[in-house]
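Novice: Residue numbers (the working numbering): 53 to 290.
Below you will find the structure I want to go over with you.
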């Protein structure tokens, strides 16, 4: 559970609700509140709101207010968002804490998607999960994700940087292939993850820096999947 957080007003709290883990305790105008799955949630993207309601609310429930329990109870999103060219932001995806992974092809060809935050309890981002998300500029991968599968970010041509948390122990084939705007990748793990055979940075002409922990620079430089083509790009995290 998060530490007690203090807010001067309910509006200030609502502006920050997405940055909190749920349930949580907050202090608003001197009064203590405990957030639960019955608390209302607001989906900022109209297309996401429509899809969530049509998929997981039925009949008379369709018109009611969404609550966190509607999101945390979802166990599978396979095929729900794939090939949708309207969704632009989905930071609330992090609240889908019932998901063990981001399924294969989950957001493939969501060409308008700009920003997304991965659920905290997901351990895997599936193959081609964000394939051809050509507008994606921000993706937040939380600590706890262990596997980034093959081609997960293939052809994310607007992505300029990404941070890979310490928990990631496996990098799939061709992970960032055709990410033509990608300039920097930061690995927080001290021991290099298991990089698969296929090069992860194929057709990444803008790549300038691979940031790693200071004490791990040599280990990454000497890794067989980095040494041949990317050794000179490995640098300590600023």
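For each residue, glycine too, the CB sits at the ideal point set by N, CA and C.
None of these values were measured; they are calculated from a predicted model.
What's the C-alpha gap between residue 171 and residue 177?
Specialist: 10 Å
Novice: For residue 74, count neighbouring C-beta atoms within 10 Å of its own C-beta (all shown protein chains included) and say buried if the count is 16 or more, exposed if not.
Specialist: The predicted position of residue 74 is uncertain, since its pLDDT is 45 and thus under 50; no value can be drawn from it.
Novice: Can you find a heavy atom of the ligand ADP that lies under 6 Å from the Cβ of residue 229?
Specialist: Ligands are entirely absent from the displayed structure, and the ligand ADP is therefore not among its contents.
Novice: What is the rounded straight-line gap between the Cα of residue 125 and the Cα of residue 230?
Specialist: 35 Å
Novice: Per DSSP, residue 199 is paired with what?
Specialist: 176, 222
Novice: What separation, rounded to the nearest whole angstrom, lies between the Cα atoms of residue 100 and residue 139?
Specialist: Between residue 100 and residue 139, the C-alpha separation is close to 6 Å.
Novice: With H, G and I counted as helix, E and B as strand and the rest as coil, what does DSSP make of residue 107?
Specialist: helix
Novice: Nearest-angstrom Cα distance between residue 134 and residue 163?
Specialist: 10 Å
Novice: Go to residue 124, then tell me how far its beta strand (DSSP E) extends in each direction, as first and last residue.
Specialist: Taken as a continuous stretch (DSSP letters only), residue 124 belongs to no beta strand (DSSP E), being part of the alpha helix (DSSP H) at 120-124.
Novice: For residue 179 and residue 143, which I take to be in contact (beta-carbon distance under 8 Å), what is that distance rounded to the nearest angstrom?
Specialist: In fact, because the Cβ distance is near 23 Å, the residues do not count as touching under 8 Å.
Novice: Anyone know if the C-beta pair for residue 234 and residue 259 falls short of 7 Å?
Specialist: The Cβ-Cβ distance between residue 234 and residue 259 falls below 7 Å.
Novice: Per the DSSP calculation, residue 263 is bridged to which residue(s)?
Specialist: 238, 287
Novice: Whose C-beta lies closer than 8 Å to the C-beta of residue 104 among residues of the same chain, with five residues either side of it excluded?
Specialist: Taken in chain order, the residues that qualify are 95, 118, 122, 123.
Novice: Given that a residue counts as buried once 16 or more other Cβ atoms are within 10 Å of its Cβ, and exposed if not, what is residue 284?
Specialist: exposed
Novice: Who does residue 142 pair with in a DSSP beta bridge?
Specialist: 168
Novice: The alpha helix (DSSP H) spanning residue 214 covers which residue range?
Specialist: No alpha helix (DSSP H) holds residue 214; the beta strand (DSSP E) holding it covers 213-216.
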